[in-house]
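Throughout the sequence shown, residue numbering follows mature numbering (1 follows the signal peptide of the UniProt record, and there is no 0), covering -24 to -1, 1 to 266 in sequence. Ideal Cβ placement from N, Cα and C applies to all residues, glycine included. Okay, structure first, notes after.
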Amino acid sequence: MRARCRRRLVPALVWLGLAPAVPAATGADGFLPMPTTDLFRPLLADPKEPRFVMSLLSVKSDLRETTIGAVGFGENFGILRRQGEAVDTGWQLNLAGAVFAQFDVNAPSSDLVNADYLIWLPLSWREGAWSTRVRVYHQSSHLGDEFLLRVHPDRINLSFESLEFIASYDIEGWRLYGGGEQLVRREPAELKRGMLHAGAEYRGGVPVWRIGELGAAHLVGGLDVKSWEQHGWSTSRSLKAGLEFRPVRDASGSARYWNLLFEYYDGPSPYGQFYTYDVRYWGLGIGLHL
């Protein structure tokens, strides 16, 4: 009787976070609170993927040509994983947030031009080579004060919630993904609801370079394509390629890494307040994935 009670009590304690969680590496079928990794790998070339990133970009748009300093501060935090029978399989609930800001470094005071604030509630799943992510998220976008005073642009109160679905398939070092999203509430009200989203990625398995204990460099590249009904289904193309530095030795089981990437973008602007304009940019960025 006591043994039966103990078998029932341990899963309940794990659920409440009162007992040590079973490490994901064991492949045990059960609940894992606050996992340090996600079952759906972040999209390499998506401009709006939550990450810590700093980029210097040469920008040409319908408004002007300039140099932009773009930064992103964001992360995905695992809340609870329902571990499958194999390692890194099952379902996982996350919470993610990010802010993406752009500064005109050619302006007298390096004006803040635009800032996009996003918060996501993602649910991810993985089984073998297949993985999916469903997210409901909110975005609001705001112009910088110095930019407003200097340029006097037409300000748009851009804010919306959207539901996104992405499916992904891994083929050795390659990855293909596709899906879309639907705006469920939007301001201004004339925003079109539909968006298609697809892409491909490559991550080299053999290191091409090593910087001591800072990491072994692997070749990576990604192409991310979006087509929004708002722009008559015209496409935006985001290309990133370069080196990804992964830990040489990491006993913690974390997925921390950093990368140095060439960036190219062509299409409707990914910067919220300027979504009505076309933009093309290229440059170099460094990203940290914690």
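Query	Result
Test item: CB-CB of residue 143 and residue 156 under 8 Å	no
Among 190, 114, 32, 185, the one whose alpha carbon lies nearest that of residue 95	114
Range covered by the beta strand (DSSP E) that runs through residue 162	150 to 163
Boundaries (first-last residue) of the beta strand (DSSP E) holding residue 90	88 to 103
Three-state secondary structure assigned by DSSP to residue 131	coil
Buried versus exposed call for residue 209 [16 or more other C-beta atoms within 10 Å across all chains shown]	exposed
Contact under 8 Å by Cβ, residue 87 with residue 61	no
Spatially closest choice to residue 213 from 206, 221, 240, 192, by CA coordinates	240
Delimiting residues of the beta strand (DSSP E) encompassing residue 252	It is not in any beta strand (DSSP E) - residue 252 carries neither H nor E in the DSSP assignment.
With 16 other Cβ atoms within 10 Å as the buried cut-off, status of residue 168	exposed
Residue 68 vs residue 15 beta-carbon contact at 8 Å	yes
Nearest neighbour of residue 103, chosen from 50, 111, 63, 70 [CA to CA]	63
Where residue 123 sits in the DSSP three-state scheme	helix
Rounded separation between residue 198 and residue 160 - CA only	29 Å
Same chain, Cβ closer than 6 Å to residue -17, neighbours up to 5 away in sequence not counted	In this prediction, residue -17 has a pLDDT of 46, which is less than 50 and means its spatial position is unreliable; what the coordinates show is noted afterwards. Cβ neighbours of residue -17 beyond the five flanking positions: none.
Residue 85 burial status per 10 Å Cβ neighbour count (16 or more: buried)	exposed
Reference residue 224, options 245, 247, 189, 234, closest by Cα	189
Reduced DSSP category for residue 166 - H, G, I as helix; E, B as strand; rest coil	coil
Collapsed DSSP secondary structure at residue 61 in the structure displayed	coil
Distance between beta carbons of residue 120 and residue 82, contact taken as under 8 Å	Not quite, the Cβ-Cβ distance comes to about 14 Å (not below 8 Å), so this is no contact.
Entirely enclosed alpha helix (DSSP H) segments - the segment 11 to 58, minimum 4 residues	none
Cα-Cα separation, residue 152 to residue 173	11 Å
Buried or exposed by the 16-neighbour rule on C-beta atoms within 10 Å, applied to residue 19	buried
Backbone CA spacing between residue 182 and residue 245 [nearest angstrom]	35 Å
Candidates 28, 101, 251, of which the one nearest residue 164 by Cα	251
Pair within 8 Å by beta-carbon distance, residue 97 and residue 111	yes
Alpha-carbon spacing of residue 265 relative to residue 233, whole angstroms	5 Å
C-alpha distance - residue 54 paired with residue 12, whole-angstrom precision	6 Å
Expected contact under 8 Å - CB spacing of residue 58 and residue 141 to nearest Å	Wrong, their Cβ atoms sit about 19 Å apart, outside the cutoff.
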